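Asks:
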Amino acid sequence: MNYQSTRGSSGEIGGCGAVARGIAADGGLYIPEEFPHITPEEIEILAGMDYIGRAKVILGMYFPEFSEVEMQALCEAAYGGDKFDCPEVAPTVKLNDETHVLELFHGPTCAFKDMALQMLPGLLTASLRKTGEERKVCILVATSGDTGKAALEGFRDVRGSEIVVFYPRDGVSQVQKLQMITQEGKNVHVCAVAGNFDDAQTGVKRVFADAEIAKKLDEKGIFLSSANSINWGRLAPQIVYYFSAYCDLLNEGVIKCGDPVNFCVPTGNFGNILAGFIASLMGLPVNRFICASNANDVLTDFIRTGTYDRNRTFKTTISPSMDILISSNVERLIYLLSDCNAACTAERMKALSETGKYTLSETEAAVLGEYFWGGCCDDEATKAAIRANFDAHGYTADTHTAVALSVLADYRRETGDDTHTVVVSTASPYKFCDSVLSAVRGGEYESTTALFAELKAATGVEIPAPLAGLDGKKVRFTDCIDRETLGGYVLQVL
Ligand SMILES: *Cc1c(COP(=O)(O)O)cnc(C)c1O
1 MNYQSTRGSS GEIGGCGAVA RGIAADGGLY IPEEFPHITP EEIEILAGMD YIGRAKVILG
61 MYFPEFSEVE MQALCEAAYG GDKFDCPEVA PTVKLNDETH VLELFHGPTC AFKDMALQML
121 PGLLTASLRK TGEERKVCIL VATSGDTGKA ALEGFRDVRG SEIVVFYPRD GVSQVQKLQM
181 ITQEGKNVHV CAVAGNFDDA QTGVKRVFAD AEIAKKLDEK GIFLSSANSI NWGRLAPQIV
241 YYFSAYCDLL NEGVIKCGDP VNFCVPTGNF GNILAGFIAS LMGLPVNRFI CASNANDVLT
301 DFIRTGTYDR NRTFKTTISP SMDILISSNV ERLIYLLSDC NAACTAERMK ALSETGKYTL
361 SETEAAVLGE YFWGGCCDDE ATKAAIRANF DAHGYTADTH TAVALSVLAD YRRETGDDTH
421 TVVVSTASPY KFCDSVLSAV RGGEYESTTA LFAELKAATG VEIPAPLAGL DGKKVRFTDC
481 IDRETLGGYV LQVL
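Heads up, the sequence shown is in this note's numbering, so the first residue is 1 and it goes up one at a time.
1) Can you give the Cα-Cα distance for T363 and S229, rounded to whole angstroms?
2) If I follow the unbroken beta strand (DSSP E) through F105, where does it start and stop?
3) Which residue marks the beginning of the beta strand (DSSP E) containing F263, and which one marks its end?
4) How close, in whole Å, do the beta carbons of C377 and S353 come, if the pair is a contact with beta carbons under 8 Å?
5) May I ask you to list the residues that DSSP assigns as paired with Y30?
6) What three-state label does DSSP hand D309 in the structure shown?
7) Going along the chain, which residues of its own chain have a beta-carbon closer than 8 Å to the beta-carbon of E461, five neighbours each way excluded?
8) Let me check you understand the geometry: is the CB of H189 closer than 7 Å to at least one non-hydrogen atom of ligand 1?
9) Anyone know if the C-beta pair for C110 and L437 falls short of 8 Å?
10) Please classify K113 as buried or exposed, where buried requires at least 16 other C-beta atoms within 10 Å of its C-beta.
11) I'd like to know whether the C-beta atoms of A90 and L102 end up nearer to each other than 8 Å.
12) Determine the contact status of V137 and V165, defining contact as a CB-CB distance below 8 Å.
13) With respect to the beta strand (DSSP E) encompassing G374, which residues constitute its N-terminal and C-terminal limits?
14) In this structure, does DSSP put K357 in helix, strand or coil?
15) When you measure from the CB of A427 to every non-hydrogen atom of ligand 1, does any distance come out below 7 Å?
16) Measuring CA to CA, which of G15, A24, I23, L59 is closest to M282?
17) F517 and S127 look like a contact to me (Cβ under 8 Å); what is the Cβ gap, rounded to whole Å?
18) Cβ of K149 within 8 Å of Cβ of Q118?
19) When DSSP builds the beta bridges, which residues end up paired with F84?
20) Helix or strand or just coil, what does DSSP make of K136?
21) Apply the 10 Å Cβ neighbour rule to A409 and answer buried if 16 or more other Cβ atoms are within range, or exposed otherwise.
22) Identify whether S321 lies in helix, strand or coil by the three-state DSSP scheme.
23) DSSP puts E162 in a beta bridge; with which residues?
24) Does the pairing of the region 294–303 with the region 316–324 give three or more beta-carbon distances under 8 Å?
25) Could you tell me the alpha carbon to alpha carbon distance between V172 and Q179, rounded to whole angstroms?
26) Compare the Cα-Cα distances from G369 to each of S5, F289, H106 and report the closest residue.
27) Just curious, the alpha helix (DSSP H) that L217 is in, first and last residue?
28) Write down the C-beta distance between A214 and E133 rounded to the nearest angstrom, noting that I regard them as a contact closer than 8 Å.
29) What number of angstroms, rounded off, separates the C-alpha of A200 from the C-alpha of S447?
30) Does the beta carbon of F112 fall short of 7 Å from some heavy atom of ligand 1?
31) Compute the distance between the beta-carbons of R146 and A465, then report whether it is under 8 Å.
32) To which residues does DSSP link S425 through a beta bridge?
33) On the criterion of 16 or more Cβ atoms from any shown chain inside 10 Å, does T399 qualify as buried, or is it exposed?
34) When the Cα of F477 is compared with those of S9, K94, L152, which residue comes out closest?
35) Should F66 be labelled buried (16 or more other beta-carbon atoms within 10 Å of its own) or exposed?
36) Distance check for C344 and A351, CA to CA, integer angstroms please.
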């Protein structure tokens, strides 16, 4: 199993090498040279397994460097024990006859980032050992909310790692802040940065680029790495739940093996939906991927016209994890659409950074349109979808999931396609309880822990334990620093 950079540099690099390096030297993203194939018979065998079993088989195909025993241990560490609040890990819930919700928010931080960030730390530290790296890895994160908390939970007390998370003082909700500053673990460090997300991000980029800091850390036997979604180690674990959802529908007798289904995915950085596309390239029977965006509609236009154009106003929405103009994992998609033409991909990425746009060939655009359908909706429609699904099915969706539900309704109206569709649900409604409560009951609210009880009264949905316990937890991190001083902070805490 060899991996290739989307921008050309090849060489003998395996799954462990790709995970250890994160990003290729030429700035490209790692992708397998060939995708392993799964037959319908093998899918039926997966259907007889639990989530850990399914993960072990699929991830084993991408990381043959690990023995079966090693892979079993990695999957158990990620998804076993009481890390997830239900035995299915990622349950598929029926909404109506042809609509099913794949719930990816049962992990320790109540958002779908846990599906990958519970797996990545084990995978990364084991990959570092396999590739002969003896230094300790320190993960640096600038977060606008969800990723920081999920990374902290994933890396806490993982041997051979430290993690430092910077969040913007003026840019996260009270609940998100509380989740981070009460984080437990011996190897975790959390610090506010005076300013907004850009200030935190700029500060972190400077630390990564600072050779002096790298040298000082190296003397302590430490090197810096990131946990963002361009790392293959974050993408690969996400392939698993597409197979898992299909297996669930098989087991429930909803479909027969070989029947195609649709997946409707609320999309930001394009990592989640790309993992589904890869599953289909491996042999999972999929009719259409419905790519759902909020008012930031770059991807909708891209799928409909073949032109990616980021030159538009950035909009702040009630589904903030999808507020994005440059979806970094699209690079892997266009590489695949171009028949793995790295030179062409590199050129388009250059055009994107210089002019903010590029255009696919007619053939590529046609293939894109065969696999994907793009749609978007604004905040009003998002809230209307929460309300409509609550009234019709008694189901309480978070704002991101609601974008998908809204776009799916548009898709069905426009195409008449009634194929069984799995809506991928990416967060607990409690994570965005202010907007969800407003949709269900009217009025305006602020995201505080006091709101949990009100949302429970309004919807009957149980408060997830990690959020319910927040108020009683000890605050461990109170530092707030200037964006120029992040490097000094990192050196001081490590
Ligand atoms: C990160 C995130 C998304 C977007 O996923 P991508 O892989 O970036 O497309 C959607 N919903 C929630 C709740 C998220 O945290």
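All residues carry an ideal CB built from backbone N, CA and C; glycine is no exception. On a predicted model such as this, the values are computed, not experimentally measured, just so you know.
Replies: From the atom records:
1) 28 Å
2) Unbroken run through F105: none, as it is neither H nor E.
3) 261–266
4) In fact, because the Cβ distance is near 29 Å, the residues do not count as touching under 8 Å.
5) S5
6) strand
7) Correcting the residue identity first, residue 461 is Val in this sequence and not Glu. Contacts found: T396, P429, Y430, L455.
8) no
9) no
10) buried
11) yes
12) no
13) 372–376
14) strand
15) yes
16) L59
17) There is simply no residue 517 to check, as the chain begins at 1 and stops at 494 in what is shown.
18) no
19) Partner(s): none; F84 has no beta bridge.
20) strand
21) buried
22) helix
23) C138
24) yes
25) 11 Å
26) F289
27) 211–219
28) The Cβ separation is near 14 Å, so there is no contact.
29) 22 Å
30) yes
31) For clarity, residue 146 is Asp in the given sequence; the question names Arg instead. No, the pair does not count as a contact, with Cβ atoms beyond the cut-off.
32) E103
33) buried
34) L152
35) buried
36) 11 Å
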